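First residue of the sequence shown? That's 35 in our numbering, and the numbers climb one at a time after it.
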Amino acid sequence: MTGPITDDLSFPPLRIGDEAPDFTARTTHGEFVLSSLRGRWVMLFAHPADFTPVCTSEFIALSKLEPAFRERDCVLLGLSADSLPAHLAWISAIEERFNVRVPFPIVEDPSMEVARAYGMMDLEAQNSATVRSVFFIDPTGIIRTIISYPASVGRSVAELQRVLSALQEVDRSNILTPEGWQPGEPAIAPPLQTQDAVQKAGPSWFLQPKKPRS
Ligand code: BEZ
């Protein structure tokens, strides 16, 4: 493909709370239907291109920490516009060179159908690169978090783990999570809704701790 990709206005931007667009695609683990993962959390993440340095560093880190996502019943699903043979060659090279097996499926998206539906295209790129998008999709198929990094900046897998933990704790305990929250740390109560509740809570009524359910 030559020249920059133009924004496709037939796909309005996805927002938190939208249903994740379903798709069927070839992946390194066989054909995959996104909606077949209902009932589990999904972290769908795009990378600009195979065989690139930042993406390789991310894949090594994601592969090493995949068991922690699996423990939280979250399926990792990578994606780029590159072809299935390119994905297969890349993950073989990662295993050979870095002794790391990539345990999650990678979607091929040569037509960029999925990338367009999710707004993952890199409008500044001169090719089919996608930005470093991350979509957390909950067990009911709803998008709960959207994160986008440019091609030049690698993501923090620890932060992605933290976001997943926070989303799950928010659902489990009806709490909010403060800045930098980590599992096991105190959380925050949802905002008070009545004058009585505000009076009862005292001067710190606008920031009340609340313990997650044990
Ligand atoms: C990288 O992953 O290293 C990369 C990908 C696309 C553009 C620049 C860097």
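Glycine included, every Cβ here is placed at the ideal spot set by N, Cα and C.
Source: prediction; values computed, not measured.
Can you give me the start and stop residues for the alpha helix (DSSP H) that residue i sits inside?
{"i": "Trp124", "result": "118-132"}
{"i": "Leu96", "result": "87-105"}
Quick check on the DSSP output: the beta strand (DSSP E) that includes residue i runs from which residue to which?
{"i": "Glu147", "result": "From DSSP, Glu147 is part of no beta strand (DSSP E) but of the alpha helix (DSSP H) over 147-152."}
{"i": "Glu65", "result": "64-67"}
{"i": "Ala80", "result": "75-80"}
{"i": "Val109", "result": "108-114"}
Would the C-beta of residue i count as close to the ligand BEZ, meaning under 7 angstroms from any of its heavy atoms?
{"i": "Ser186", "result": "yes"}
{"i": "Ala127", "result": "no"}
{"i": "Cys89", "result": "yes"}
{"i": "Ala149", "result": "no"}
{"i": "Pro101", "result": "no"}
{"i": "Ala163", "result": "yes"}
{"i": "Pro82", "result": "yes"}
{"i": "Thr58", "result": "no"}
{"i": "Thr86", "result": "yes"}
Looking only at DSSP bridge pairs, what is residue i linked to?
{"i": "Lys244", "result": "Ala221"}
{"i": "Ile50", "result": "Ile50 is not bridged to any residue."}
{"i": "Arg196", "result": "Arg196 pairs with nothing; no bridge assigned."}
{"i": "Phe170", "result": "Met77, Thr179"}
For chain D, check one thing: does any of its Cβ atoms lie closer than 8 angstroms to the Cβ of residue i?
{"i": "Leu78", "result": "Protein chains in the displayed structure number just one, and chain D is not present."}
Return the Cβ separation of residue i and residue j in integer angstroms, given the expectation that the two are a contact with Cβ distance under 8 angstroms.
{"i": "Val141", "j": "Ala54", "result": "Their Cβ separation, rounded to whole angstroms, is 13 angstroms, which puts Val141 and Ala54 out of contact at 8 angstroms."}
{"i": "Leu113", "j": "Leu78", "result": "7 angstroms"}
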